[in-house]
Amino acid sequence: MRADSLPGISGRTWKIAAVTGAGAFMAMLDATVANLAIEAIRRDFGVSLALVQWVATGYLVALAVSLPVAGWLGRRHGYGRLWSAAMVLFVFGSVGCALAPGPWNLIGARVLQGLAAGLMVPAGQAVIGSMADSRQLGRLMGTLGLVVALGPAVGPGLGGLLLEIASWRWLFWINVPVGIAALLIARPLVPGGDTDPHSPLDGRGLLLIVAGLPALLYGAMRLGAHGVETVALSSVTLGIVLAAVFVWHASRQRHPLIDVRLLHGRRFAAATLTAGLAGANMYGGLLVLPLYLQTAAHQSAASTGMQLLAMGLGSALMLPVAGALTDRLDACRVAMVGAALLALATLPLALGVTLTRGELAMLLVVRGAGLALAQMPAMTAAYTSVTRAQMGDATTIVNVVQRTGGALGAIAMVVLLAQAERAGESGPGSGGHGEAFLLLVLLAVAAIGSAAAIRPRRMAS
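Using the numbering used here, you'd call the opening residue of the sequence shown number 71 and step up by one each time.
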């Protein structure tokens, strides 16, 4: 398709994408910067690390609880209204964090932030998806993805700077003016959306998924923090079982909490699987790469941070390009190229090739670009394969699969590294790092296959 045949995107649509993207940026930023403040918070309140770690864990678990409910709330009240309400809750939660007089108050405010973030991100994506033409969505999602990707990329640097010059409380105060500005700008711009006040709630499905997803994510986090242990494995197993029962239950309901029957569509299923595999590769890589850089490549913590920043910037800078290519060509080819780049950039690490710091940085930039080219077009393909009425369920499913894939990817890395540690293996190319990177290569190859199953289709009206 020629570039001049692409439909233009109005200024109003760009503004809506920008303001909803601000919410997603804040959610991703808060998922990273709070981790830096754990030790400062522990010292300030004089509590144990076991308690204060819930400042980070509580946010992620709460996000997993609210994420599955986003579709039903959006159908019932309108996705624009849901986005605005979630932003208000996020700002209130940020104020609560900044003013928290003790650890339990801080944890409670972080839970409120997480609940709001789990609603805000898919609601914002649904607003954009319901407004855009199928040949506009790639550019919009690419630009939105750039904003979201900048959160994890700049979060550690920004958080570290604030902790150096001010209190950890300013990590939360910075959300307040941004959130208020976004709400004021959004008020005349973001449409409230269609409402269905009689949309029934699938209570059994809600219980299954809000118990299953947090159990899975909590187990994954314990595996990352403590290695293979009974509590972590039991939590992961319970989460997987409850999630499987939820899918079985939802596929047989007339009004399910999430319409998993969308996965019967080949394009949507292939695109969602590709996004999930890319998510597993991203989060699995984020777990194993710091360990590899500091132990096998013998780099300092500061140097490791710069290498990971290079990978994040590679993703951020490639996302708008990926969006434009998706609109011009098709998600299938773009995602396949991205997954292939991801595999090629990870293969030298799996083979234990000796690299200079500069070569390693360039390799991580390519890996970041591959992640962007694989993940964003897959998400766009999923959203352009459903009707506007199905957009809320589609965004919820894709976000759930991405986060679940990320959790499972992290679990796999921990298991491989723990096995290598017990066997006494170390060094680049060993059964620890080498096998972990090899698994990331295989995940990228699997993503090539799933991306190949994505077929062009115009968005239904």
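The beta-carbon is built from N, C-alpha and C at its ideal position, and this holds for glycine as well.
Please read all numbers here as calculations on a predicted model, not as lab measurements.
Cβ neighbours of Leu-378 within its own chain (closer than 6 Å, five residues either side excluded): none. Boundaries of the alpha helix (DSSP H) around Thr-307: 300-320.
Between Ser-154 and Leu-277, the alpha-carbon positions lie close to 26 Å from each other. In this structure, Thr-454 lies away from Ala-140, with their beta-carbon atoms at least 7 Å apart. The beta carbons of Ala-168 and Trp-243 sit about 5 Å from each other, so the pair counts as a contact at 8 Å. Contact between Gly-476 and Met-352 holds, with the beta-carbon distance rounding to 7 Å and staying under 8 Å.
Secondary structure at Ala-367: coil, using DSSP grouped into helix, strand and coil. Taken in chain order, the complete alpha helix (DSSP H) segments of 4 residues or longer contained in the stretch 120-182 are 124-136, 140-147, 149-169. Straight-line measurement puts the Cα of Ala-490 at about 14 Å from the Cα of Leu-508.
DSSP places Ser-269 outside any alpha helix (DSSP H), giving it a letter other than H or E.
Cβ contact annotation for Ala-340 (same chain, cutoff 6 Å, sequence separation greater than five): Ser-520, Ala-523, Ile-524, in chain order. When DSSP states are grouped into helix, strand and coil, Asp-463 belongs to the helix group. According to the DSSP assignment, Ala-110 belongs to the alpha helix (DSSP H) that extends over 108-115. If you draw a straight line from the Cα of Leu-389 to the Cα of Ala-409, it comes to about 14 Å. The distance from the Cβ of Val-161 to that of Val-246 is about 6 Å, consistent with a contact at the 8 Å cut-off. Counting every other CB atom within 10 Å of its CB across the protein chains shown gives Leu-411 a total of 16 or more, marking it as buried.
One Cα belongs to Gly-479, the other to Val-456, and the distance between them is close to 27 Å. Contact check for Thr-342 and Ala-439: beta-carbon distance about 22 Å, past the 8 Å limit, so the pair fails to qualify.
Around the beta-carbon of Ser-136, 16 or more other beta-carbon atoms lie within 10 Å, marking it buried.
7 Å or more divides the Cβ of Gly-462 from the Cβ of Gly-91. In the structure shown, Thr-342 falls within a helical segment according to DSSP collapsed to helix, strand and coil.
Secondary structure of Thr-457 (DSSP, three-state): coil. The beta carbon of Ser-269 lies closer than 8 Å to those of Trp-142, Arg-145, Arg-146, His-325 in the same chain, with the five residues before and after it left out. Between Arg-257 and the set Leu-433, Val-89, Leu-434, the nearest pair of CA atoms involves Val-89. Secondary structure of Trp-238 (DSSP, three-state): coil. The beta carbon of Arg-274 lies closer than 8 Å to those of His-319 in the same chain, with the five residues before and after it left out. Closest in C-alpha terms to Ala-431, from the list Ala-313, Gly-188, Leu-363, comes Leu-363. The closest CA to that of Leu-283, considering only Arg-292, Glu-299, Ser-305, is found on Ser-305.
Residue range 401-420 is occupied by the alpha helix (DSSP H) that includes Thr-416. CA-to-CA, the gap between Val-358 and Ala-134 works out to about 23 Å.
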